[in-house]
Structure formats: structure tokens, C-alpha cells
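Have a look at the structure below before the remarks.
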Amino acid sequence: MIEWRSVTKRYAGAASVAVDNFSYTVATGSFTVLLGSSGSGKSTLLSMINRMVEPTQGTVLIDGVDVAGENPVALRRRIGTVLQNGGLFPHRRVIDNVATVARLNGASKAQARAAAAEKMELVGLDASLAQRYPAQLSGGQAQRVGVARALSGGADILLMDEPFGAVDPIQRRALQHEIVDLHDRLGTTIVFVTHDVDEALLLADDIIVLEEHARIAQAGSPAELLERPANDFVRDFLGKHRGLRLEGGRVVDADGRVLGVME
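Position in the sequence shown (first residue = 1) + 771 = our numbering.
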């Protein structure tokens, strides 16, 4: 369980707060999406979980323990993180990128590489890519390496900050379906940041729609938000102007395109 408890963040020199008194609890094993425009504070909220950003006020707890009392390096090693650019080490081969966390946690090179090979298979990476460098990968392959590395330390929490924003639409849709499948198989708690409504509707168990300063406009399941938007802000942001609707558990746009399927 992840809990933000009355957290506020003001960056030095900023005219206003980035996050204003935000509280929310993410259930263990859920896929929660922070959805908002650029500057809404969603990445700041995500970064508080692994102490890359410290709140000015309030607390962040994991399983009831305040992360402020945790060693930040140890905390980050047990929480997987995937960024938009992948964050791969360009001078290391794929297998060693994936093995990084296991090596830092004390595994031998052979043990770490064996575990890395398993994680590569888990995310659909062919074994033949193990000896390549990041520059030799496609965008989709690089992001799969990033996911494999994030899972390699046995993380039961996965933080994902616009992870598929830099890949082409076909690869992006494939990656979206793969991360949903991974979540279903592993039961990992995922907190995912995006500004893409279609992506949020496809992926999430729960969506938190954010206004400025990370104020919650509405939180709930994709179906709840589509069927009962709390206000005009949510209605417009979710694309009611595009005619999004639910039909038999599917999210359909005005042209009849199926954007996602809700189980």
C-alpha cells in the first residue's frame, strides 16, 4: 500500500506550490494512473514515493512506514522505476543493464545475468539482444529493457513516468498491452504517470485526474469516470467532446474505434 498523506511541495524560487495538500492511498497490487496535463504535479507525486523528491510538508508511506525514515538508496533498489527515455547505461550491454540492480544487491555476475535473462524473457525480449548496446535497440526494445531492469531486483512496486511517450504509436500500443499482461501475471503495484487519456483508460484499475497543483478533480475506475464525471473539467479532460462512451465493457470513440477493453 502506498499513501500520500497531506503532502505539499514547493520548489525553491517557485511562485506557487507544485503539489497542494494531496492525499490518496494506492491499494496493494493495483494499477493506478496519475492523469493530468503538463505541470499538474503528477511526476512530483510519483517521485515522492522513492524519495527522488522530498515533500515540503506531509508524509509518504509504504505499507504504513514513512519513507522519510528509509535509506533512499536502499528504498530505490526495492522500487522499480521506468522513465520515458529508458535511463539505460549506454556503455553497458543489455544483459548488464538489466542485471544492474541485482548486482548492486550483492548477487554475483553469473547470478545477476541469469536473473536478467529471465526478466528479458518475461518482457518479450529475444535472447539475441542480450549482447547489444542501448544505441543498437529500437525505442520499443529499449523500453522493454527498462521494464526488465526495473523488475530485476524483485520489486513489488513499479513507478512509470510517461514510459511510452517517446515510441511510435504501434510500439506504444504493444507496450501498453504488455504492461497490462505483466501486471496481471505478477500482481505488482504500479503507479503510472501519463497525460494521455486513451492510455489511462486502457491501463488503469484506478485513475486520479489532476488539476493544477495536484488537486484531485476526480478519482475512480475508468468506467466510473466515463459514466459519472464529477464536473466539466473531468468531462472535458476525458474527452466527452470526442464522444467517448462505454459499450459492453469497451471504450469506444465517436467513430466507433475501440480504444480499450475493461475487464
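Cβ atoms here follow ideal geometry from the backbone N, Cα and C, with glycine treated the same way.
Rounded to whole angstroms, the separation of the alpha carbons of E982 and A913 is 32 Å. Here the C-alpha atom of E841 lies approximately 16 Å from the C-alpha atom of M772. By the 16-neighbour rule on beta-carbons within 10 angstroms, N821 is buried.
Looking at the DSSP output, M931 sits in a beta bridge with V853 and F963.
By the Cβ neighbour-count rule, A845 is exposed, with fewer than 16 other Cβ atoms within 10 Å of its own.
Its chain contains no residue whose beta carbon lies nearer than 6 Å to that of Q907 once the 5 sequence neighbours on both sides are disregarded.
The way I'd put it, the stretch 826 to 843 doesn't touch the stretch 886 to 899; fewer than three beta-carbon pairs between them come closer than 8 Å. Residue burial annotation: A786 is exposed, with fewer than 16 other C-beta atoms found within 10 angstroms of its C-beta. In this structure, T965 lies near L806, with their beta-carbon atoms less than 8 Å apart.
Three or more beta-carbon pairs drawn from the stretch 978 to 992 and the stretch 785 to 799 are found closer than 8 Å, and the two stretches are therefore classed as touching. Under a 10 Å Cβ-count criterion, P940 is classified as exposed, with fewer than 16 other Cβ atoms of the shown protein chains found around its own Cβ. Residue pairing by DSSP places R915 in no beta bridge whatsoever. It is roughly 24 Å from the alpha-carbon of A783 to the alpha-carbon of L832. Contact annotation, S923 with A881: C-beta distance approximately 14 Å; criterion of less than 8 Å not satisfied.
In the DSSP annotation of this structure, the continuous segment of the alpha helix (DSSP H) that includes T815 starts and ends at K813 to I820.
Just measuring C-alpha positions, the residue of L973, D932 and Q902 sitting nearest H862 is Q902. In the DSSP assignment, T871 falls outside any beta strand (DSSP E) and within the unbroken alpha helix (DSSP H) covering T871 to L875. DSSP, read as helix, strand or coil, puts G991 in strand. In terms of Cβ geometry, P905 and L859 form a close pair [threshold 8 Å].
Non-local beta-carbon contacts of A919 in its own chain, meaning distances under 8 Å to residues more than five positions away in sequence, involve V869, A887, K890, M891, L893, V894 and L896 in chain order. Measuring C-alpha to C-alpha distances from V968 to each of H948, L997 and R986 identifies L997 as the nearest. Counting along the chain, L832 sits inside the beta strand (DSSP E) bounded by residues Q828 to I833.
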